[in-house]
Structure formats: C-alpha cells, structure tokens
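Structure representation (structure tokens):
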C-alpha cells in the first residue's frame, strides 16, 4: 500500500511509519516508537530491580554513556531521553529463550517504572534475564542479588542460558562497570565460568571487553596478576572454532605471550627469507596477517620495519596495503613512529596523499601510544604533542581530540576502579582455558 500510494512521488519517513501503523492494525504507533530511536542520540540501559520481600520486579531506563565528556553533557538533560522499548525476559523456572515481547516501555505509562507481571516473577532463589537473544538495542542491568543468581547458574551449568545471552551478560556487565553502573567484582565474577565456555560468540564478547582492562592494567603492579592462559586444540573444521582460535592467537600475542610472539616472528622471518630469495609469495595465512605483521613490528627491529615498509610500497591489493599501513604503526619505538608520520606528509615517500591522514589515525589509535594512557602526566604529554602538530594533521584532528577525551576518561577510571580490580585479582585464580 505504501509503495503504491507514493509511487512516482516523494515521501518522508513519517509516511512510512503511518503505513506500518496501519499494517499493524493500529495496535502500535510506529512513528512514536521509531522517532524515539531515530531522532535522538545514543541508546538506553534498562535496569531490572527486584523486591524479594514483596516478590515484585520493575524496569526503568536511562541513557547509557560509556564515559561522560563535556561535549556530551553541555546543555543536555539526560532525564529527557526516552526510548519506546519492547521488553523480553525469561526466568530460571521456565527458561524460554524465544524473544517474545512481554511488555512495552512506553511514554504513555503513568510512571517511569514498569512492573513485571506477578506470574512471571520467579522464586527468590531463581534468576530472571531480559533482552532475550539480545534482539533489543539496549543494555540490561540488575540488582546485586539477581546478578549473583545469574553467576551461580553460569558456574553450575552455563548451557542453561542461551549463548547469545551469555555473550550479552559479559559485554553488558563489563561495560556497565566501566561506566560506573556496576561494581567490577560482580562483572569479573561473571567471567569465572569461562573456564568451561567453548562458544566463539561468548569468547568474542569477553575478549573485546578484556581488551580495555588489559590496556588499563598493562603498566600497573596488578598486571602480573592479570593472566589468561590457553591450550589450543588442533585445527577444527568448524568455522566459528577457527575464528575463536584466531581471536585467541591475537589476544595472546597482544599479551606478549612468549610462544605466540615467537611463532609470529618465525612466520614473519620465513616471509622475509622468501622475499630475499626472490619469491614474492606470502606464506602467512590471510586471516593471521594482521596479527603477524603487527607482532613482527612491535617485537622486531628497524630492519623489520623497513622490510614491511617496502612490502607496502610494492603492494597492489587495497586491503593488503591497509593492513600494512596499520601494522607499520605497531612499533614501540617513538622515533620510528615519528619517521612514519613524517613520511605520511612527504609527497615523494610513497604514501598516497589520501592515505596521509590514515597514517595519523593509525598512530593515534594504537594501544602503545594513546589508548593505554591513564595518568595525568601522559595526558599533558598528549596535549603538548597535539599542539606541536595540529597545523598538519588535517582530517586526523578529530582522532587526536578523541584520543585526549579517552585519556581523560582513562585517568578517571584508574582513580575510581584500579584498587577494586587489584583486590579482586589478588584473591582470584587465573583462568586456564582448555
């Protein structure tokens, strides 16, 4: 009906919403729902709170901010943000992971609190989980006791919780801790069940979340306690198992794990030997090239950097050139990075003009330069460095500004959370994944 009504004519988004409302027999105001998602920034975190003495549970929402900057808060009243959210949930008593909407969080409600039906509330010693299979674009937080019930389930039999929701629980918990919405000891306790987790989806969520903690702890006294060790099985035919192994290899190399670094350097040297003997065939598996290239540069020498630089100059495939450009920024030597930046703006260096700002972004984004900065001293150094190069950074200016905002947030994070995590690590066994 919509296509027929507006054929050969111009339509606006409200016209589409009106026809979708009609298609839903006016049971849902599609415009009201969609405007809440398309006309305001960000997304919400929904908090599910239980009153165990009264056997009641209710939902509230607010805007989720990973870290707050002055640009995001000036003149903005976060309480005015509201999303029309279809809520799905299940409980330990009758776990059903089909994402069927149980209620709508809608502005027409008399209160900003939305009660869960009494018959859907489990016993006090049973968990409840919302956003089934993560079909909704929102995070979920719970009261402390419900988190503990979920952790108990993950440790005793994690397979009773859908794998997508296991990934969701890890991702939500660690990001909400980072955003000061959840104690870190709860979020980290969730990860303890990973000793028995074999699914790529859950591990990918965990590794992504762990990367921030790794950067923050890397130069602290707690880093010696921050260890995850794997014994990797032989190659699997399952594609997700292969992806998991690639993720694990990348993670262990990032940690500086001796075997991983040595294997990467071995493959890097084999490639160098082939090229030296006139064989331009790259023996490194395409899925591992970014890992091997970056590790080779990070733990290699000036000669290794020069080798990869020459490979970039001779590369003809765009995706390969991008990998090489990004990997050249993995060096831990400031003078090599400085030389790299200088070449980016030298018209005869071999770097295309349109790639110059990409080099700046690569250097500005690498963990060894900015993303692990978390002290007042480093923040001042970054600001001073930016002041010396800001007239030449061009389109990379935004990357530098974001780096300074992130570093400011990192300083605040260290002040707020470091000691809690140090205490948790001191009293917890390291993960050994088999």
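Residue numbers (the UniProt record's numbering): 1 to 434. Don't be surprised by glycine CBs; every beta carbon is placed ideally from N, CA and C. As the structure is a computational prediction, the values presented were derived from the model and not from experiment.
Taking the continuous beta strand (DSSP E) assigned at residue 54, which residues delimit it? Taken as a continuous stretch (DSSP letters only), residue 54 belongs to no beta strand (DSSP E), as it is neither H nor E.
To the nearest angstrom, report how far apart residue 49 and residue 426 are at their CA atoms. Cα-Cα distance, rounded: 31 Å.
Cα separation between residue 118 and residue 223? Looking at the backbone, the Cα of residue 118 and that of residue 223 are separated by about 46 Å.
Hey, out of 56, 125, 218, whose CA is closest to residue 373's CA? Residue 218 is the option with its Cα nearest to residue 373.
Residue 2 lies in the alpha helix (DSSP H); which residues open and close that run? Here the alpha helix (DSSP H) through residue 2 covers 2 to 6.
Whole angstroms are fine: how far does the CA of residue 414 sit from the CA of residue 423? Distance from the CA of residue 423 to the CA of residue 414, rounded to the nearest whole angstrom, comes to 14 Å.
Contiguous alpha helix (DSSP H) assignments of at least 4 residues, all confined to the stretch 324 to 355: Every alpha helix (DSSP H) stretch that sits fully inside the stretch 324 to 355 and reaches 4 residues is listed by chain position as 334 to 344.
Pull up the distance between the alpha-carbon of residue 91 and that of residue 128, whole angstroms please. Approximately 4 Å, taken between the alpha carbons.
Rounded to whole angstroms, what is the Cα-Cα separation between residue 232 and residue 257? Low per-residue confidence applies at residue 232: pLDDT is 47, beneath 50, and the placement is therefore not dependable enough to give any value.
Whole-Å CB distance - residue 291 paired with residue 249, under 8 Å assumed: In this structure residue 291 is in contact with residue 249, their Cβ atoms being roughly 6 Å apart against a cut-off of 8 Å.
Do residue 94 and residue 151 have their CB atoms nearer than 8 Å? For the 8 Å CB-CB criterion, residue 94 and residue 151 do not form a contact.
Check whether the stretch 190 to 205 and the stretch 152 to 164 touch, using three or more Cβ-Cβ pairs below 8 Å as the test. Three or more beta-carbon pairs drawn from the stretch 190 to 205 and the stretch 152 to 164 are found closer than 8 Å, and the two stretches are therefore classed as touching.
On the criterion of 16 or more Cβ atoms from any shown chain inside 10 Å, does residue 145 qualify as buried, or is it exposed? Residue 145 is exposed by the Cβ-count criterion.
Chain-order list of residues whose beta-carbon lies under 7 Å from that of residue 16 (same chain, five-residue window excluded): Contacts found: 2.
Would a C-beta distance cut-off of 8 Å place residue 164 and residue 204 closer than the cut-off? Not in contact: residue 164 and residue 204 (Cβ atoms no closer than 8 Å).
Mapping DSSP to helix, strand and coil, what is residue 90? Strand, per DSSP.
Please state whether the Cβ-Cβ distance between residue 57 and residue 88 is less than 8 Å. Note that the C-beta distance between residue 57 and residue 88 is not below 8 Å.
Can you tell which of 221, 296, 161, 106 has its C-alpha closest to the C-alpha of residue 419? Ranked by how close their Cα comes to the Cα of residue 419, the residues 221, 296, 161, 106 have 221 in first place.
Leaving out five residues on either side along the sequence, give the residues of the same chain with a beta carbon under 7 Å from the beta carbon of residue 321. Answer for residue 321: 312, 315, listed in chain order.
Integer Cβ distance of residue 175 from residue 66, believed to fall under 8 Å: Sure, about 6 Å apart at Cβ, within 8 Å.
Checking the sheet assignment: what are the DSSP bridge partners for residue 176? According to DSSP, which records beta bridges pairwise, residue 176 is partnered with nothing at all.
I need the boundaries of the beta strand (DSSP E) containing residue 103, first residue and last residue. Start and end: 103 to 105.
Taking DSSP as the reference, what is the three-state secondary structure of residue 58? In the three-state DSSP reduction, residue 58 falls in the strand class (E or B).
Apart from the five residues just before and just after residue 104, which ones in its own chain have a Cβ nearer than 8 Å to its Cβ? Cβ neighbours of residue 104 within its own chain (closer than 8 Å, five residues either side excluded): 84, 85, 86, 87.
Using 10 angstroms around the beta-carbon of residue 147, count the other beta-carbons present and answer buried if the total reaches 16, otherwise exposed. Buried, because 16 or more other Cβ atoms sit within 10 Å of the Cβ of residue 147.
Cβ shell of residue 187 (< 6 Å), same chain only, five flanking positions each side left out: Closer than 6 Å at the Cβ level, and outside the excluded window around residue 187, lie 173, 174, 177.
With a threshold of 7 Å on Cβ separation, who are the neighbours of residue 289 within its own chain once the five nearest residues in sequence on each side are excluded? The beta carbon of residue 289 sits closer than 7 Å to the beta carbons of 323 from its chain, once the five residues preceding and following it are set aside; these are given in chain order.
Name, in chain order, the residues that DSSP records as bridge partners for residue 307. DSSP links residue 307 through a beta bridge to no other residue.
If you reduce the DSSP assignment to three classes, tell me which class residue 135 lands in. It is coil, neither helix nor strand.
Reference residue 142; option with closest CA among 46, 13, 337, 388: Residue nearest to residue 142 within the set 46, 13, 337, 388 is 46 (criterion: CA-CA distance).
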